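Enquirer: Per our numbering, the very first residue in the sequence shown carries number 106; after that it's consecutive.
Note that beta-carbon positions come from the ideal geometry of N, C-alpha and C, so glycine has one too.
Only a predicted model underlies this, so the values are computations on that prediction, with no experimental measurement involved.
Here's a structure for you.
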Amino acid sequence: MPDPGDHFYADPFPFQWQGRSFLFVEDYPHATGKAVISVVPFDASGAPETPRVVLEEPHHLSYPQVFERDGAVWMLPEASAGGRLTLYRATGFPDRWAAETVLVEGEISDATLLEHGGQLWLFATDRDGYGSTSDTLVVFSAQALSGPWTPHPMNPVLIDLRMARPGGAFVRNREGRILLPVQDGTLGYGGGLGLSELLDLDQQAVRLSQPRPVDPEGDWPYPKIHTLNRAGMLEVIDGIAAVRKHSGKQ
Numbered sequence: 106m107p108d109p110g111d112h113f114y115a116d117p118f119p120f121q122w123q124g125r126s127f128l129f130v131e132d133y134p135h136a137t138g139k140a141v142i143s144v145v146p147f148d149a150s151g152a153p154e155t156p157r158v159v160l161e162e163p164h165h166l167s168y169p170q171v172f173e174r175d176g177a178v179w180m181l182p183e184a185s186a187g188g189r190l191t192l193y194r195a196t197g198f199p200d201r202w203a204a205e206t207v208l209v210e211g212e213i214s215d216a217t218l219l220e221h222g223g224q225l226w227l228f229a230t231d232r233d234g235y236g237s238t239s240d241t242l243v244v245f246s247a248q249a250l251s252g253p254w255t256p257h258p259m260n261p262v263l264i265d266l267r268m269a270r271p272g273g274a275f276v277r278n279r280e281g282r283i284l285l286p287v288q289d290g291t292l293g294y295g296g297g298l299g300l301s302e303l304l305d306l307d308q309q310a311v312r313l314s315q316p317r318p319v320d321p322e323g324d325w326p327y328p329k330i331h332t333l334n335r336a337g338m339l340e341v342i343d344g345i346a347a348v349r350k351h352s353g354k355q
């Protein structure tokens, strides 16, 4: 799905609902410098329809993780510019969403949900007022989606620009291993992506393996890979490439 030029799409999260596929994306208009969340429905033939805006706030939104739980459809978008992580509930899927509750206060980026060991967990990065938004991994746990969400006793559980920031939803492979796409920020924001295996997760420890790089192959024209997600048979990835613009002036 190419960018139209006056804005770009990023952070694609696919979701299947009532036999149809939907893709939720960060939609960033260059004119405003503030992203909204848009949805791309897929028609019966599998072709993407025209994107349309479904969620807008006074601050920047991105990373729209959408999931179904407790008989409802939820969205957990990043809103670090607003200083809080808010859970939204679909009131008329896929176009209408209502803020349900604030899960975590602070500059939390790319919060990614996981159910494991009888608890719910959130993996995210925390800027904590200074420094990078991509190098400090924090973890929270709760018994229910609405919270309360408790910071892990070992926070920050990791400080590493190569793998601290999530780059997509957790995946369980055929062997039952839990994998997390992670962003490699050593080459700049959106510079690369890897897959880390979750080795330990409880109230005493959080441990991820060193990431295995996800590199472009074949004729893929975008050298920098940013996020990776899948739902059912649909797998999506976004990439970045520098494009030289030429002025019409001589």
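When you compare the region 278 to 291 with the region 247 to 263, are there three or more beta-carbon pairs, one atom per stretch, that lie closer than 8 Å?
Expert: They do not touch, by the three-pair rule.
Enquirer: For Leu190, collect the residues of the same chain with a Cβ closer than 6 Å to its Cβ; drop the 5 residues on either side in sequence, then sort them by chain order.
Expert: If we look at Leu190 and ignore the five residues flanking it on each side, its Cβ neighbours are Leu208, Val209, Ile213 and Ala216.
Enquirer: Starting from Tyr193, follow the beta strand (DSSP E) in both directions and report where the run begins and ends.
Expert: Its beta strand (DSSP E) spans residues Arg189 to Gly197.
Enquirer: What are the start and end residues of each continuous beta strand (DSSP E) run of 3 or more residues lying completely inside the region 148 to 230, in chain order?
Expert: The qualifying runs are 157 to 160, 167 to 174, 177 to 183, 189 to 197, 201 to 210 and 213 to 221.
Enquirer: Could you tell me whether the Cβ atoms of Val372 and Pro156 are closer together than 9 Å?
Expert: No information on residue 372 is available, as it lies outside the stretch 106 to 355 that the chain covers here.
Enquirer: Quick check on Asp289: does DSSP put it in helix, strand or coil?
Expert: Reduced to three states, the DSSP call for Asp289 is strand.
Enquirer: Are His165 and Gly187 touching if we call contact CB-CB under 9 Å?
Expert: Yes.
Enquirer: Any heavy atom of the ligand COA closer than 8 Å to the CB of Ala310?
Expert: With respect to small molecules bound, the structure shown includes none, and the ligand COA cannot be examined in it.
Enquirer: With burial defined as no fewer than 16 other Cβ atoms inside 10 Å of the residue's Cβ, what is the status of Ala269: buried or exposed?
Expert: Buried, because 16 or more other Cβ atoms sit within 10 Å of the Cβ of Ala269.
Enquirer: State the CB to CB distance for the pair Phe120 and Ala336, rounded to an integer number of angstroms; the pair is presumed to be in contact (CB under 8 Å).
Expert: About 6 Å; that satisfies the 8 Å criterion.
Enquirer: State the beta-bridge partners of Asn334 as determined by DSSP.
Expert: DSSP lists Val341 as partners of Asn334.
Enquirer: Excluding five sequence neighbours on each side, which residues of the same chain lie with their C-beta closer than 6 Å to the C-beta of Glu131?
Expert: Only Ala115, Asp116, Ala140 and Ser167 meet the Cβ criterion.
Enquirer: Tell me the rounded alpha-carbon separation between Arg312 and Leu242.
Expert: Those two C-alpha atoms are separated by around 11 Å.
Enquirer: What three-state label does DSSP hand Ser314 in the structure shown?
Expert: In this structure, Ser314 counts as coil in the three-state DSSP scheme.
Enquirer: Pull up the CB-CB distance for Leu225 and Ala247, whole angstroms please, since I reckon it's below 8 Å.
Expert: Indeed, because the Cβ distance is near 5 Å, the residues count as touching under 8 Å.
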